[in-house]
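Trainee: Numbering (the working numbering), first residue to last: 41 to 267.
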C-alpha cells in the first residue's frame, strides 16, 4: 500500500540521518556512544512527524531536527542544550559541504601596501566557513554507560569549520581569542578593531593565526577603508 511505502521511506530516512549523526559526532569527539542516544533518536522521529515533507532528504531532517529542539519546551534544559549543540554541529558540517568554496585572494599582490594602512583593512571571509561556540568540551569526555547528564559539566570550547580546496570539510578546536578575532572580522570590523575585540595581546600569536588562516584560504577579498 501507499502507506507502507511511505512508512518504509520515512523509517529509512530517519535511520540514514541518525547513522550520519552518530558517525559525525563519534568521529569528531572520539566518543564510543552518545549520551541519551535512544532519546535523541526518538526526537528525530518526532521532528519528522512534526515537520512532514513529501520529499525527505537527510539534510532536510537535520534542519527540521534543529528546529524541533529549539521549539520543544518539554525537554530538560541540560539535555536540550547538549542536543542543540550536537545537532547544530551536524547541520553545519552538512551545510558547509554543499556550499561552494571561492578562490582565496592572493596575499602577495598586497605586499607593497604600507604597514600603517593594514589596521584599516577589512577582510571578507569565505561563505563556506563557520565559527561556533560549543558549550561542552566533548573532546575531553569519553562516554561510559554509567554516565548521566548530571555528570557532564559545562566547559565551553570554540570550533573553526572550513571547506578546503579539496572540497572536504575540516574542523579544529580554536582558542577563545582566535574565535573572537574571526567573529569580529566576519561582522565587518577592520583589522585593528578586530584585534582589539579579541583581547589578544600577543602579537606573535596573532601573526600565527593569520598565517594559518591564509594557508586555509579563509579570505576571499580585502578592502582598505579610511581611518
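By construction, the Cβ of each residue, glycine as well, lies at the ideal position given by its N, Cα and C atoms.
Look at the alpha carbon of residue 87 and the alpha carbon of residue 109, and state the distance between them as a whole number of angstroms.
Mentor: 8 Å
Trainee: Three-state secondary structure (DSSP) at residue 259?
Mentor: strand
Trainee: Relative to the alpha-carbon of residue 232, which residue among 157, 214 and 67 has its alpha-carbon at the smallest distance?
Mentor: 157
Trainee: Is the distance from the Cβ of residue 80 to the Cβ of residue 52 below 8 Å?
Mentor: no
Trainee: By how many angstroms is the C-alpha of residue 175 removed from the C-alpha of residue 59?
Mentor: 23 Å
Trainee: With three or more C-beta pairs closer than 8 Å as the rule, is the region 211-221 touching the region 244-254?
Mentor: yes
Trainee: Could you check if residue 277 is buried or exposed, using at least 16 other CB atoms within 10 Å of its CB as the buried criterion?
Mentor: Residue numbering for the chain in the displayed model covers 41 to 267; residue 277 lies beyond these limits and cannot be assessed.
Trainee: Look at the alpha carbon of residue 160 and the alpha carbon of residue 263, and state the distance between them as a whole number of angstroms.
Mentor: 8 Å
Trainee: Can you tell me which of 260, 213 and 238 puts its alpha carbon nearest to the alpha carbon of residue 129?
Mentor: Ranking the options by Cα distance to residue 129, first place goes to 213.
Trainee: Just mark residue 67 as buried or exposed, buried being the case when its beta carbon has 16 or more other beta carbons within 10 Å.
Mentor: exposed
Trainee: What is the DSSP secondary structure of residue 145, counted as helix, strand or coil?
Mentor: coil
Trainee: Out of 225, 141 and 120, which one is the CA nearest neighbour of residue 207?
Mentor: 141
Trainee: Counting C-beta neighbours from all protein chains within 10 Å, is the total for residue 104 16 or more, i.e. buried, or is it exposed?
Mentor: With 16 or more Cβ atoms within 10 Å of its Cβ, residue 104 is classed as buried.
Trainee: Can you list, in chain order, the residues of its chain whose CB lies under 8 Å from that of residue 229, leaving out five sequence neighbours each side?
Mentor: 162 and 237
Trainee: In terms of residues, what are the limits of the alpha helix (DSSP H) holding residue 223?
Mentor: Note, residue 223: alpha helix (DSSP H), 216-226.
Trainee: Determine the closest residue to residue 171 out of 261, 147 and 197, with distance taken between C-alpha atoms.
Mentor: Nearest of 261, 147 and 197 to residue 171, Cα basis: 197.
Trainee: For residue 153, name the three-state secondary structure that DSSP assigns.
Mentor: coil
Trainee: Got a sec? Which residues, its chain only, sit under 6 Å from residue 209 by beta carbon, not counting five neighbours each side?
Mentor: 133, 136, 137 and 203
Trainee: Ends of the alpha helix (DSSP H) at residue 202?
Mentor: Segment 197-203 is the beta strand (DSSP E) holding residue 202; no alpha helix (DSSP H) there.
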